[in-house]
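> Following this message is one structure expressed as structure tokens.
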Amino acid sequence: MGAYVSIPTWWQQLDSRYRLVVGQCPDCEAFNFPPEGACATCASVAAFERIEPEGTGTIVAHTVIEGGAPPEFEALLEAEDAIGAVLVELDEGVRVPGMLTDCDPHEFARGDRVEAVVRKMFEQEGIVRYGAKFRPV
Amino acid sequence: MREVYLVGAGQSDFGSFPTESYRSLFKTAFEHALDSTDGELDRRRIDEAYIGTLGVGGRQLGLVGPSVTEHVGLDGTSCTRIENACAASGVALRQAILAIRAGAADTALAGGVEVMNDMSSDRTRFWLGVSGETEWERMAGTTFAGVYAQMADAHMGEHGTTREQLSHVAYKNHANGAKNPHAHLGFECSLEDAIEGTTVADPLNLYDCCPTSDGASAVLLASREVAEELTDNPIRVTGSGQASGRVGLFQRPTLTGIPATEKAAEQAYEEADCSPEDIDFAEVHDCFSIAELLAYEGLGFCEEGEAGPYIESGATMPDGERPVNLSGGLKSKGHPIGATGTGQVVEIYKQLRGEAGDRQVDGLSRGLTHNVGGSGGSVAVHVFEEGWA
């Protein structure tokens, strides 16, 4: 039993899962992730303009998870001993949660530069879920 | 606005209890609450009941409120289940207060219950993460400890908070919890032990994290008329505040504070007509060490960024200017999710009545509870004071 996002919901979100598509508020111009709901800055509910960001950004919060991974990431934790879980502030100025890849997560810290790449996130119901992870620039 | 009084409070032991059920634990807490009143309160006088639970493990997910109240002889009494993650019963408490203020009830019950230790490891790890933001935060692999670890990382980076300052939370709360017979982890730990614990989510180690507990708690509230019948030593609920915040940390304006704590506290202080300096002692939500430090700042006990030096100064020790988590907090007393909010009130009740045994601190007259759901998606703050209005 893992955390659950249904396949239809995952598919609806593919632009943001793969390319981190963000929403720009037409009223205050702030960027929002994911691009749905009310603007986190001004609470406007006007429809966001969808923008594809460059995918580069800076780590603003960093942790390395060494125990207690949720079931869907257990295989990954066993294979790699540690999962780097970060918040990245994209260069457009919006924060997204992400996982580090292609690196030793212990060697990273706040302030380091990263870029998004598409990787396997986990497998559920016999279907591989892909999404954006972050690697060193 | 009608006055509201705290006339009874009780809890079960918090811990791991293979021979108990969510109903039997709740019964224990409820009977303790009834026994704790000064005069005799007939349980059939309870007009409204609010029960907080996350429903960990999925047991009775629907109608879990009436399931526990029927078990204690309240069949027929209006009962509502409250789910606001770890703030479930802090919010249940607020609902009970609002019911009395509104005149819909003269006597109200608020309580909570959770059983967290009777599941396989997979199931436990699934349920531990459900209070975080699921679709993005959790799907990026971030555990619940991981979210608080990110806040700790940001706080350390921005304010210079140290590893040792985080460990002071475990050291203090274990020392307090060792004196609490209801505590799940009622042992002392040295500062060195707390510093050197096994890493869970860097920079947080095992001693920075509260346990997962089974347990229940219950409090009884009354209008002034009912309170006058029951007691000559009243405790008044002077302030109630509640706020929501973005469920995902990444969507909040700050990583080093919990905006919902500030909003709920502001509301509670305004109602209680007091300021942070007037709070003699507090039970705050220390699910992770960093959470207690964030609470000091959000509640105004110290300036923003100063929580590390503040705890290091001893200000929140039992002999300090403002004792915090005399019960042992979530860290040592335990954290049965739905039972935590009203569990905090049990300590306030005991301390103000001089019934806290070995951990009693004298001279306290105004206490505060602070209960957080998720990593800050919901917060309830309450202020209690001795005496009639």
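Top line first, the protein sequences correspond to chains L and Z.
With the first letter of the first sequence counted as 1, position 43 gets the number 141 in the working numbering; the numbers rise by one all the way through.
With the first letter of the second sequence counted as 1, position 272 gets the number 271 in the working numbering; the numbers rise by one all the way through.
Just so it is clear, CB atoms sit at the ideal spot from N, CA and C, and this is done for glycine as well.
Remember, predicted model here, so these are calculated numbers, not experimental data.
1) Kindly say whether residue 250 of chain Z, judged by its beta-carbon, lies nearer than 8 Å to any beta-carbon of chain L.
2) Where does residue 350 of chain Z fall in DSSP's three states?
3) As an exercise, report each continuous beta strand (DSSP E) stretch of at least 3 residues that is fully enclosed by the segment 42-90 of chain Z, in chain order.
4) Thinking residue 71 of chain Z and residue 337 of chain Z are a contact (beta carbons under 8 Å), I'd like their distance in whole angstroms, please.
5) In chain L, which residues lie less than 8 Å from residue 142 of chain Z when you measure between Cβ atoms?
6) If I'm right that residue 225 of chain L touches residue 149 of chain L with Cβ under 8 Å, what's the distance once you round it to whole angstroms?
7) Quick check on residue 224 of chain L - is its C-beta less than 8 Å from some C-beta in chain Z?
8) Where are the alpha helix (DSSP H) runs, 4 residues long or more, that stay fully inside the segment 295-333 of chain Z, in chain order?
9) Rounded to a whole number of angstroms, what is the C-alpha to C-alpha distance between residue 3 of chain Z and residue 220 of chain Z?
10) Which residues in chain Z sit within 7 Å of residue 193 of chain L, going by Cβ to Cβ distance?
11) Any idea which residues DSSP pairs residue 4 of chain Z with across the strands?
12) Below 7 Å CB to CB, which residues in the same chain sit around residue 152 of chain Z once its five sequence neighbours on both sides are set aside?
13) I'd like to know whether the C-beta of residue 254 of chain Z is nearer than 8 Å to at least one C-beta of chain L.
14) Helix, strand or coil: which one does DSSP assign to residue 208 of chain L?
15) How would you list, in chain order, the residues of chain Z whose beta-carbon sits under 8 Å from the beta-carbon of residue 117 of chain L?
16) Please tell me whether residue 100 of chain Z has its Cβ less than 8 Å away from any Cβ of chain L.
17) Any idea what DSSP makes of residue 163 of chain L, helix, strand or coil?
18) What does the alpha-carbon distance come out to for the pair residue 142 of chain Z and residue 105 of chain Z?
19) Give me the Cα-Cα distance between residue 161 of chain Z and residue 188 of chain Z, rounded to the nearest whole angstrom.
20) Does the beta-carbon of residue 255 of chain Z have 16 or more other beta-carbons within 10 angstroms, so that it is buried, or is it exposed?
21) Below 9 Å between beta carbons is the criterion; list the residues of the segment 139-161 of chain L that meet it against any residue of chain Z, in chain order.
22) Thinking just about the alpha-carbon of each residue, which of Z:118, Z:347, Z:383, Z:257 is nearest to the one in residue 274 of chain Z?
23) Note down, in chain order, every chain Z residue with its Cβ under 8 Å from the Cβ of residue 132 of chain L.
24) Per the DSSP calculation, residue 130 of chain L is bridged to which residue(s)?
25) Would you mind reading off the limits of the beta strand (DSSP E) that contains residue 225 of chain L?
26) When you compare the segment 74-83 of chain Z with the segment 206-220 of chain L, are there three or more beta-carbon pairs, one atom per stretch, that lie closer than 8 Å?
27) Can you list, in chain order, the residues of its chain with a C-beta nearer than 6 Å to that of residue 376 of chain Z? Leave out the 5 residues immediately preceding and following it.
28) Exposed or buried, what is residue 150 of chain Z when buried is set at 16 or more other beta-carbons lying within 10 Å of its beta-carbon?
29) On the CB-based measure, 16 or more other CB atoms within 10 Å of its CB, does residue 110 of chain L come out buried or exposed?
30) Exposed or buried, which one is residue 1 of chain Z when buried takes at least 16 other CB atoms within 10 Å?
31) Let me confirm a value: residue 286 of chain Z is counted as buried when at least 16 other C-beta atoms fall within 10 Å, else exposed. Which label applies?
32) Under 7 Å Cβ-Cβ, which residues of chain L neighbour residue 115 of chain Z?
33) Closest by CA to residue 144 of chain Z, which one among L:121, L:135, L:140, L:161?
34) Kindly indicate the opening and closing residues of the alpha helix (DSSP H) around residue 261 of chain Z.
35) Are the beta-carbon atoms of residue 348 of chain Z and residue 48 of chain Z separated by less than 8 Å?
36) Reducing DSSP to helix, strand and coil, say where residue 195 of chain L ends up.
In this structure, then:
1) yes
2) Note: residue 350 of chain Z maps to helix in three-state DSSP.
3) Complete beta strand (DSSP E) runs here, min 3: 47-51, 77-81.
4) Actually they are not in contact, since the Cβ atoms of residue 71 of chain Z and residue 337 of chain Z sit about 16 Å apart, beyond 8 Å.
5) 163, 166, 167, 168, 183
6) About 28 Å; that fails the 8 Å criterion.
7) no
8) 306-311, 328-332
9) 7 Å
10) 249
11) Answer is Z:221, Z:235.
12) 202
13) yes
14) coil
15) Taking the beta carbon of residue 117 of chain L as reference, no residue of chain Z falls within 8 Å; the closest one sits roughly 14 Å away.
16) no
17) strand
18) 42 Å
19) 18 Å
20) Answer is buried; the Cβ neighbour count reaches 16.
21) 139, 158, 159, 160, 161
22) Nearest option by C-alpha distance: Z:383.
23) 134, 135
24) L:121
25) 225-234
26) no
27) 244, 246
28) buried
29) exposed
30) exposed
31) buried
32) Simply none; closest approach about 14 Å.
33) Closest in C-alpha terms to residue 144 of chain Z, from the list L:121, L:135, L:140, L:161, comes L:161.
34) 258-271
35) No, the pair does not count as a contact, with Cβ atoms beyond the cut-off.
36) strand
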